[in-house]
Each structure stands twice: as structure tokens, then as C-alpha cells.
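There are 2 protein chains.
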Amino acid sequence: MTKKRVSIKDIARLAGVSSPTVSRALQGRGRVSTLTRERITQLANEIGYTPSLVARGLVTQRSYCVGVVVPSFADPFHSQVAQGIEEEARRHQYSIFLANTDVDPARELEIARTFHGRQVDGIIVSSSRVGNRYAAWLQETGIPMVLLNAHVAFDQIHSIYHDDYQGICLVMQHLIARGYRRIAYISNARGVRASVERQRAWFDSMQVAALPPELLVNGPNGRFHGGAIATKQLLAQAQALWQAPPDAICCYNDTMAIGALAELRAQGLKTPTDVAVTGFDDIDVTEFVDPPLTTIRQPRHQMGVQAMQLLLTLIDDRTANGYVPRTTVMLGELVVRSST
Amino acid sequence: MTKKRVSIKDIARLAGVSSPTVSRALQGRGRVSTLTRERITQLANEIGYTPSLVARGLVTQRSYCVGVVVPSFADPFHSQVAQGIEEEARRHQYSIFLANTDVDPARELEIARTFHGRQVDGIIVSSSRVGNRYAAWLQETGIPMVLLNAHVAFDQIHSIYHDDYQGICLVMQHLIARGYRRIAYISNARGVRASVERQRAWFDSMQVAALPPELLVNGPNGRFHGGAIATKQLLAQAQALWQAPPDAICCYNDTMAIGALAELRAQGLKTPTDVAVTGFDDIDVTEFVDPPLTTIRQPRHQMGVQAMQLLLTLIDDRTANGYVPRTTVMLGELVVRSST
DNA sequence: CTGTTAGCGCGTTCAT
DNA sequence: ATGAACGCGCTAACAG
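Residue numbers (the working numbering), protein chains in the order written: chain A, 1 to 340; chain B, 1001 to 1340.
Below you can see the structure in the form of C-alpha cells.
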């Protein structure tokens, strides 16, 4: 059922020229007489010619494709990052392959291999779970790669991440300044860099303020339910520990915080009067839940754009060698709303 | 900086055989002696060979890629559909190009052309704004195409959509059965099929129940803010009309409904005591807002899976011609929560 | 300015 | 069972 593609050969035959001439005419490079160029251009439009980027990529060794790997599209954080990447990519005639790992390191590596097979010019991985194991593989392929919010940066692997440590420090300073003392933390069980950093920031901030970092619960996942379940456990532990709920709950991210709000509500506790709650990311819905969440606004879209720009630099760097920063740190800002 | 790819020629040289033999050995087709097959397979692993799907696609005329077009990644509805598509695609060794239109029909067509240039085997478009204009273009290219939640179905264009009309009917029956009478509707201004259908269902349901469909507001967009702004207008109009708020607000989707909840709260109105609210889609967060939303659960993930399966059928249909449904209708289910 | 030749990496005939 | 030759659609290097 598929129609045969019209190729430059077809045009060449119709125009009575050779196919390289058509190629030159269409991409505007090389010397072609204005007359034949116009004739060819018009002919191409008439018969509906679309150049095969596959064939072109094979010879130029440049596919104008990049691979993007995220843990899950459904996560509002990652989908906004991806949107930033895609927009910036298209501005540069690039298309993106998108794949989700479902937080499985094995799948992540498998996807990277697939992308290599598809001859992508570069790869962006958001919240990688693999880390070091890329190094050896990359050495072989030489594919430029940018890690977003991952653990580490090696030679050849460039990294962009948000300063999560500082983010939670801002949140904690705010909470402590408001007089909250028994501040519990809900972490995300997944061993990503962000999780480690944020938890450490909570711990250190408590120490610095001479408050005991006594109450910490690992959520089963980083989503709404994870936050609700963790909160249930947390309240039980608080009861055992203090015979009272905590003053505030500092959450790994917004989705978990929203789950926490729901659980507190279910247990008849008012926010922020009984228990304050904070999130992280500033996803769109945080402004519309009850109460609106105090959180850290990460420049998600901008992070995607930045990652793509860095990748493009790396791709072109094959020829023109300039200085490229190994790691870029982005800063978020505290957004105070009525949950604290 | 990019390393040279290792090709089957390299393996052939090392193994002392010809490249076609390597090709046959690696893809397991054609007769090759077990001995050389093993030797070649092992060699391929050792030197880290990854077949070039680009080159393969050029000769087989099958790229094992599909293009996916969505209005916006950031929309939780579309990102879940996309996730379903991607998972089903990968199960069949397919990769997906993902692009977002930002709700711009011109961009949608441009993206489709790009995909054609990339020789995708098929295209899935979610919530297309273009409709009929695809027909002519498709005729030329013959690319199999599946429209998700779009207006129409033509020859060659297959369509999967959710029965939005029935969905809102279920919501309305529920509201009317609960005794709500003055039921207002908030629509999404964008002229997509879903919007038209849902609004019509509200209108008809009111008529059938002998209630005047008096209060309708178009939101500026389908997101949280859009719902909040529309609700503000709506309450003002209700005041002018009835000197009272409506009994219930039926919203185009969940995000707008969540915006509505926030605005009602801001105006000191209780849900559902003062004003009931309903959504549509059953996105993840609906269960965790206050109050949890009554809504219609669309099988988002399943719709993505189904679309991909249909597309695969169409792709293979080039050779084996069987019966393929032109349109598939999916049914959602009413989920009753405490917002009504 | 244009045509000829060559090759990107692979699969698919045909021979042998 | 294997190798030689060819082509997918395109661009690059040279001719002329």
C-alpha cells in the first residue's frame, strides 16, 4: 500500500540532469546555475519530494536525531524537561527519540544501546540510575551525552543538575524561621542523586539549628500514593516518639507532598495549623491544591533547553574544539505559599 | 571525537569471511554453519558491534520508527497516552519520535512532513487540530496513520477515540440523580472533537431532564488557570442570573475542575455542599485534591497501547491484507468521589 | 557550472 | 554453506 518514495533520481530524470546536481540545487550548496536551480526546486514541489533523512544521515554520519531517556513520561517534572528539550531540538532541525526506563537501570542501558544503533548524534538522560557504568560503554561509542540530575560527571559525560542541597536548605531555613521545630522528612526510596542530596540537606539543617533529626520515613515511591503511605507511617512513628504529630513535614517532592496533604486531611489534621508541609519542584498543580504548597521552583523547562544546547555544543565539538563546562549547576527559588 | 562505528565489514575481515555471511549469521536467517555463526556472534560481542538501523532501514525500507504527535507533553493526559504508545512500541522493537505541536495546526503539518522525511513506518496523532487536510497529503505518501481523539476518519486514516458524549451523559445522570438542578458547564475553547462532544452531551442531558442549559462558560485554556478563570466568570454570571451560585459545575476536564475547586475555595464556597464539581479523565492527582473529584476514567494508557497495535497492523497490512476497523470507540467509566 | 565515480552500512539477489 | 555483485537514497570528491 505504501507509495514509492520520490527520490532525487526521479527529479533528475524529469529535469534531464544528474542526481548530484539535484542534490546541490535543493540544499543550496555548491555551484548550480540559477536557472536549473529554480527548475529543479519547482519540480520538487510539484511532485511532492521529501528528502530522505535516513539516506542523508547514512552518508553524512549525522542523523540530526538525539535520544532522550526519562524515568517516566507520566511524571510532570520529566515531561516538562522533555518539552524543553524537544522545543530546543526542533529549533535546530533535530528530532528526538523518547523512551522511558520505568526506573529500571537495565532498561536504561538497553535503551542507550538502541539509540546507538539508531545512530543518534547524542543522548540526554534525565535522572539516570546507571551512573558510572556508562563510562566504559561511552568510551567505545564516543556518543556525546548529557546527564540531567544524575550522580556524576566523567570525561566525555557532561552533567547538568539542580542544586537540591541548597533547595532543601532554603526550605528548612524558612521552616525554622517560622518557628517549626519538630520537622520530619519524607524521602524517596529511589537512590538517585536528588534524593540523597535533599535528605542530607534536611539532616544538616536540623543539626545546624541544634534540632534532632529524629523522624525520617522512606516513601515506597515518589508519587502521590507514596507520599500518602509515608505520611501514615510517619504519623504513627511521631505518636510513638512524641505522643504528637510533627510540626512540619518536609517532602522529597511536590507529588509526595500532595499525597501527604491528603493523608493529613484524612486524619483530621489541619495544614499548616497542625502540621506544615513543603514540596519540591513547583509542578503546575501545587498552586491549586489546598492549601497551596510552599516549594522550590526548579527551572524545568529551562533545564531541558540548557541540556539540549550543551549537547549541540558537544556534537559540533567534534570539529571545532572549544571550552565546554563539565558540569552546570542550576539554582531553584523558594516559593512561599500557605502550606507553611 | 566520535569513534568510527564497527561494521559488519570489520567483523568479516576479522573472521575471514565475507560481509553477507556476517549479516546472515547475526540475524539468524539464511544458512550458515553453526561453527562460523558462533564464531561471528562471539566476535561481534567482543568488539562491541551494534548494527546500524539506519543502514538497515535504507535497504529494507522499514525504519522501525513511528512518529507520535501530541499537543503538549506537559498535559498529564497526553503524556500517559504517549507512555502507552512507547511501551507497546518497544515491545515490538520500535522506537518513537515524539513531538509536540503546542496546539498549532501549522506546526502539526510541519511535524508530519518531518516524520515523512525520517521515513517513519507510521504516525500517531493525538487530538489533531488538522483533520481533513491530512487526507490529500497522506494520499501521496501512503504512510499509515492513526488519529487519537480527533474529528474524523477517512480512507487510509484510522481513528481511535473515547466516547466523550457518553462520558458526560454519565456524569450528568449522576448529578441529576443526586438532585442537582442548576448545572453549569465549563468548556475548553479549543475546537477539538472532545470539546464539542462533551459540551453537546451537557446540553442534551439538560434538555432531556427538562432543565434549562443556561450557564456555559468557555475557558481560555484547558489547564488549571483556565478552569479558575472560567469559574470566576461563571460565578459572576450565576449571580446576575439567579442571585446564587450554581448547584454544580461540570468541567471539560480534571485540570480545569481542579482550577474550579481552587476558585470556589477562594470565594468561600464549599464543595460539594454549596457547589458540586465534576472533572473528566481521572488523572492521577484527582484522587488527592480536596475534595477528591468525581470524574470519568479514560483508559489513557490503554488507548496508547491500542493505537500502537492498530498502527502495527496497518504497517504489516502492506503485505497481508486483512480486515482492520476504521474506527474504534473506547468507553470510560464514571468514578464517583466526594466532590458531588 | 555540471556529470562521473565512489561509498555510507546493510540486506538481497544470484552464483558457486 | 558461502562469496560476488548490486542497490537502498543521498552526499562528497573529483573530473571536465
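Ideal Cβ positions, reconstructed from N, Cα and C, are used throughout, including at glycine.
### Message
Please report the straight-line C-alpha distance between B:GLU1086 and A:VAL70, rounded to a whole angstrom.
### Response
What you label residue 1086 of chain B is simply residue 86 of the second sequence in a count that begins at 1. What you label residue 70 of chain A is simply residue 70 of the first sequence in a count that begins at 1. For B:GLU1086 and A:VAL70, the distance between alpha carbons rounds to 12 Å.
### Task
Give the residues of chain B in contact with A:PRO349, contact being defined as C-beta atoms less than 7 Å apart.
Residue 349 of chain A is absent from the structure shown; chain A starts at 1 and stops at 340.
### Message
For B:ARG1013 and B:ARG1056, what's the separation of their Cα atoms in angstroms?
### Response
Sequence index remark: in the second sequence, residue 1013 of chain B carries index 13 (1-based). Sequence index remark: in the second sequence, residue 1056 of chain B carries index 56 (1-based). Rounded to the nearest angstrom, the two C-alpha atoms are 20 Å apart.
### Sheet register partners of B:CYS1065 (DSSP bridge)
Translated into positions along the second sequence, residue 1065 of chain B becomes position 65. Beta-bridge pairing links B:CYS1065 to B:SER1095.
### Task
Could you have a look at A:ALA257 and say whether DSSP puts it in helix, strand or coil?
Working through the first sequence from its first residue, we reach residue 257 of chain A at position 257. Three-state DSSP puts A:ALA257 in a helix.
#### Entry: Pair within 9 Å by beta-carbon distance, B:HIS1162 and B:GLN1298
What you label residue 1162 of chain B is simply residue 162 of the second sequence in a count that begins at 1. What you label residue 1298 of chain B is simply residue 298 of the second sequence in a count that begins at 1. Yes, these two residues count as a Cβ contact at 9 Å.
### Query
Given that B:VAL1032 touches chain A, what residues does it touch there, using C-beta distances under 9 Å?
Locating residue 1032 of chain B in the second sequence gives position 32, where the first residue counts as 1. In chain order: nothing, as chain A lies at least about 22 Å away.
### Task
List the residues of chain B whose Cβ lies closer than 8 Å to the Cβ of A:ARG265, in chain order.
Taking the first sequence and counting its residues from 1, the one referred to as residue 265 of chain A is at position 265. Near A:ARG265 (Cβ distances below 8 Å), the residues of chain B are ASP1290.
### A:HIS116: contacting residues in chain B (beta-carbon distance under 7 Å)
Here residue 116 of chain A refers to the residue found at position 116 of the first sequence. Those within 7 Å of A:HIS116 in chain B are THR1050.
### Message
For A:ARG223, would you say it is in contact with chain B, using Cβ-to-Cβ distances shorter than 9 Å as the test?
### Response
What you label residue 223 of chain A is simply residue 223 of the first sequence in a count that begins at 1. Yes, its Cβ sits closer than 9 Å to a Cβ of chain B.
### Query
Taking Cβ-Cβ distances shorter than 9 Å, what residues in chain B pair up with A:PHE97?
Position 97 of the first sequence, counting from 1, holds the residue named residue 97 of chain A. Near A:PHE97 (Cβ distances below 9 Å), the residues of chain B are CYS1065, SER1095, ILE1096, PHE1097 and LEU1098.
### Task
With DSSP as the reference, label A:LYS4 as helix, strand or coil.
Start at 1 with the first residue of the first sequence, and residue 4 of chain A comes out as number 4. Note: A:LYS4 maps to coil in three-state DSSP.
#### Entry: Coarse secondary structure for A:GLN139, derived from DSSP in three states
Within the first sequence, the letter at position 139 stands for residue 139 of chain A. Note: A:GLN139 maps to helix in three-state DSSP.
### Task
Run the CB neighbour count on B:GLU1333, radius 10 Å, all protein chains shown included, and call it buried at 16 or more, exposed below.
Along the second sequence, read from residue 1 onward, the residue named residue 1333 of chain B stands at position 333. With fewer than 16 other Cβ atoms within 10 Å, it is exposed.
### Message
So, at 7 Å on beta carbons, what are the nonlocal neighbours of A:VAL289 in its own chain, with the 5 sequence-adjacent residues on each side left out?
### Response
Within the first sequence, numbered from 1, the residue matching residue 289 of chain A stands at position 289. The answer, listed in chain order, is ILE258 and LEU261.
#### Entry: As assigned by DSSP and simplified to three states, the class of B:VAL1070
Within the second sequence, residue 1070 of chain B is the residue found at index 70, counting from 1. Here B:VAL1070 sits in strand by DSSP.
#### Entry: Nearest-angstrom beta carbon gap, B:VAL1285 and B:SER1339 [assumed within contact, 8 Å]
Within the second sequence, the letter at position 339 stands for residue 1339 of chain B. Within the second sequence, the letter at position 285 stands for residue 1285 of chain B. About 13 Å separates the two Cβ atoms, so there is no contact after all.
### Pick from B:VAL1275, B:ARG1265 and B:ALA1025 that is closest to B:ARG1178, judged by C-alpha positions
Here the question's residue 1178 of chain B lines up with position 178 in the second sequence. Considering only alpha carbons, the answer is B:VAL1275.
#### Entry: chain B contact residues for A:ALA55, given Cβ-Cβ distances below 8 Å
Counted from its first residue, the first sequence places residue 55 of chain A at position 55. In chain order: LEU1058.
### Message
I need the DSSP call for A:VAL171, collapsed to helix, strand or coil.
### Response
Along the first sequence, read from residue 1 onward, the residue named residue 171 of chain A stands at position 171. Residue state, collapsed to three classes: helix.
### Task
Using a Cβ-Cβ cut-off of 9 Å, state whether A:PRO76 counts as contacting chain B.
Within the first sequence, the letter at position 76 stands for residue 76 of chain A. Yes, A:PRO76 counts as interfacial toward chain B.
### Query
The beta strand (DSSP E) with A:LEU147 in it runs from where to where?
As a working mapping, residue 147 of chain A is identified with position 147 in the first sequence. That run of the beta strand (DSSP E) goes 145-148.
### Message
Does A:ALA238 come out as helix, strand or coil in the three-state DSSP assignment?
### Response
Taking the first residue of the first sequence as 1, we reach residue 238 of chain A at position 238. Helix.
### Task
Measuring only between beta-carbons, confirm whether B:ARG1113 sits less than 9 Å from chain A.
Locating residue 1113 of chain B in the second sequence gives position 113, counting from the first residue. Judged by the 9 Å Cβ criterion, B:ARG1113 is in contact with chain A.
### Task
Kindly indicate which three-state DSSP category B:TYR1049 falls into: helix, strand or coil?
Locating residue 1049 of chain B in the second sequence gives position 49, where the first residue counts as 1. Of the three classes helix, strand and coil, the one that applies to B:TYR1049 here is coil, per DSSP.
#### Entry: Whole-Å CB distance - B:ALA1244 paired with B:ALA1238, under 8 Å assumed
Numbered from 1 along the second sequence, position 244 holds the residue referred to as residue 1244 of chain B. Numbered from 1 along the second sequence, position 238 holds the residue referred to as residue 1238 of chain B. Contact holds; Cβ gap of about 7 Å.
### Message
Assuming B:ILE1011 and B:TYR1049 are in contact, meaning their beta carbons sit under 8 Å apart, how far apart are those beta carbons, in whole angstroms?
### Response
In the second sequence, the residue the question calls residue 1011 of chain B occupies position 11. In the second sequence, the residue the question calls residue 1049 of chain B occupies position 49. Contact holds; Cβ gap of about 6 Å.
### Task
Tell me whether B:ARG1193 is buried or exposed, calling it buried when 16 or more other Cβ atoms sit within 10 Å of its Cβ.
As a first step, residue 1193 of chain B must be located in the second sequence, where it is residue number 193. Under this definition B:ARG1193 is a buried residue.
### Task
Anything in chain B within Cβ reach of A:ILE258, meaning under 9 Å, just list it in chain order.
Here the question's residue 258 of chain A lines up with position 258 in the first sequence. Chain B residues near A:ILE258: VAL1285, PHE1288 and VAL1289.
### Query
Can you give the Cα-Cα distance for A:ASP104 and A:ALA201, rounded to whole angstroms?
Position 104 of the first sequence, counting from 1, holds the residue named residue 104 of chain A. Position 201 of the first sequence, counting from 1, holds the residue named residue 201 of chain A. So the alpha carbons of these two residues sit roughly 26 Å apart.
### Query
In the DSSP assignment, what are the bridge partners of B:TYR1185?
Locating residue 1185 of chain B in the second sequence gives position 185, where the first residue counts as 1. The partner list for B:TYR1185 (beta bridge, DSSP) reads B:LEU1216 and B:CYS1250.
### Task
Give a yes or no on contact between the segment 120-134 of chain A and the segment 300-315 of chain A, applying the rule of three or more CB pairs nearer than 8 Å.
yes
### Query
Does any C-beta atom of chain B lie closer than 9 Å to the C-beta of A:GLU88?
Stepping through the first sequence from its first residue, residue 88 of chain A is reached at position 88. No, A:GLU88 does not count as interfacial toward chain B.
### Minimum C-alpha distance to B:VAL1068 - residue among B:THR1101, B:ALA1015, B:LEU1058 and B:VAL1017
In the second sequence, counting from the first residue as 1, residue 1068 of chain B sits at position 68. Cα-wise, what sits closest to B:VAL1068 is B:THR1101.
### Query
For B:MET1330, which of helix, strand or coil comes out of DSSP?
Looking up residue 1330 of chain B in the second sequence gives position 330. Correct three-state label for B:MET1330: strand.
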